[in-house]
Structure formats: C-alpha cells, structure tokens
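Contents: one structure, followed by commentary.
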Amino acid sequence: MNQNPYQAPTAALSDPLLPEPPKPAQVQLAVRTMWVVFVVGLISLHPWIRGDWWAIKAPDVPEAGPVFTVIMVAILLFSSVTSAVLIWLVSRRHGWARWGVLVWVLVGCWGLVADLPSVWAETPLALIVDSATVLLDAACCYLLFIGDGAKWFRPTPSA
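Note that our numbering has the sequence shown beginning at 55, numbered continuously upward.
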C-alpha cells in the first residue's frame, strides 16, 4: 500500500472502511424475540383476549364513543409503527435505537403497573399476555446491553 499522503486514494468512495462485524447470536435472538413479542401484542388486541379496548363506556357522554375510538386507533397505529421501526433499526446496528427500545419497554412497564387492578378485573388474560411480553422485552434489552450485544453496537475503529 502506498503511504504517500499527497496521492489520491485508489479505493472507490463507496467501499466500506472495514467490513461490518457479524451480528452476535444474542442480538439475533433478541431481535427475533422482539418481533415475536410485537406479533403477539397485535394478536392480543383481539376482543376475545382484551375485550372492547376501543370502546368507551360513558353513558353520560354518548358522543365520546366515536372520538375515543379514533384516538385509540391512532395510539395503536403510532405505537405499532414506532415499535416496528425501533426493532428494525436495532437489527441494523443503530445503537440509539436500543436505547429507544429500553425507554419503550420502561413505558410499557409503567403502563402495565398503572392499569394492573382494572385490567386484572376486566381482562385477566390480557394482563397475563402483557406481563409475559414485558418480561420478554426486558430480557431482550438485557441481551442488547450486555456482553457481545453491547460490543456489537459500539462503533468500529476506522482504518
């Protein structure tokens, strides 16, 4: 290799500086598990599991029903798209996305604990599914932040 600093480089600019390190097995497991949790979360929206989550039962304000339904569907779409994008970005080695996943899981834990009594009384199966998915998400965060998972997200030194 020519070490002349005044000579233009011969490599194409599109060539990567260093090859990307392979994705560790624990990151692959975490990403696959997060996708499974994502799908299970969507399936758990079925009325047989979660009840009529989109409907409001306020007889004193009958016009609130359609508005509440629109708001709930918008929240569902936002959270689903955000979750899917974060999982995809984690699989693409974006380190900030794993922090986003961690915050998303912590918000999920807070939501689970905040609604614990009412969800247990109305839809215990939904509480069981939510608890299992939050635990799996927490395990995925552990895999992404510890050991080979954490090392994979660190930037590689340039040549």
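Each residue gets a CB set at the ideal place from its N, CA and C atoms; glycine is no exception.
Since the structure is predicted, the reported quantities are computational estimates derived from the model, not experimental observations.
Near residue 140, which residues of its chain fall below 8 Å by C-beta distance, leaving aside the five closest residues on each side in sequence?
Position 86 of the sequence shown, counting from 1, holds the residue named residue 140. Here residue 140 has 151, 154, 155, 158 as same chain residues with Cβ atoms under 8 Å from its own Cβ, once five neighbours each way along the sequence are excluded.
> Taking the alpha-carbon positions, what's the residue 196 to residue 132 distance?
Replying inline: As a position in the sequence shown, residue 196 is number 142, starting the count at 1. As a position in the sequence shown, residue 132 is number 78, starting the count at 1. Rounded to whole angstroms, residue 196 to residue 132 spans 25 Å at the Cα level.
Note to self: Quick check on the burial criterion: 16 or more other C-beta atoms within 10 angstroms. Buried or exposed for residue 104?
What the structure shows: Locating residue 104 in the sequence shown gives position 50, where the first residue counts as 1. The residue is buried, with at least 16 neighbouring Cβ atoms inside 10 Å.
Original post:
What is the DSSP secondary structure of residue 86, reduced to helix, strand or coil?
Top reply: Looking up residue 86 in the sequence shown gives position 32. The answer is helix: DSSP assigns residue 86 an H, G or I state.
Tell me which same chain residues have a C-beta within less than 6 Å of the C-beta of residue 194, skipping the five on either side of it? Taking the first residue of the sequence shown as 1, we reach residue 194 at position 140. Result list for residue 194: 84, 87, 88, in chain order.
Residue 213 by DSSP, collapsed to three states: which one? Numbered from its first residue, the sequence shown carries residue 213 at position 159. Here residue 213 scores only 43 on pLDDT, less than 50, and its place in the model should not be relied on; the value that follows carries that caveat. Residue 213: coil per DSSP, three-state reduction.
Give the secondary structure of residue 74 by DSSP, where H, G and I count as helix, E and B as strand, and everything else as coil.
Residue mapping note: residue 74 aligns to position 20 of the sequence shown, counting from 1. In this structure, residue 74 counts as coil in the three-state DSSP scheme.
In whole angstroms, what separates the C-alpha of residue 136 from that of residue 165?
Within the sequence shown, numbered from 1, the residue matching residue 136 stands at position 82. Within the sequence shown, numbered from 1, the residue matching residue 165 stands at position 111. C-alpha separation (whole angstroms): 16 Å.
Open item on the list: Among the candidates 100, 198, 185, 206, whose CA atom is the shortest distance from the CA of residue 162?
Closed with: Residue numbering aside, residue 162 sits at position 108 when the sequence shown is read from its first letter. When each option's Cα is compared against that of residue 162, the closest is 185.
Report task. Please state whether DSSP places residue 131 in a helix, a strand or coil. Result -> By one-based count along the sequence shown, residue 131 stands at place 77. Residue 131 sits in a helix when the DSSP states are folded into three classes.
key: Proximity of residue 216 and residue 127 at Cβ, strictly below 8 Å   = This structure cannot speak to residue 216, because the chain is shown only from 55 to 213.
Report, in whole angstroms, the separation of the C-beta atoms of residue 147 and residue 206, which I expect to be a contact under 8 Å. Locating residue 147 in the sequence shown gives position 93, where the first residue counts as 1. Locating residue 206 in the sequence shown gives position 152, where the first residue counts as 1. The Cβ separation is near 7 Å, so the contact holds.
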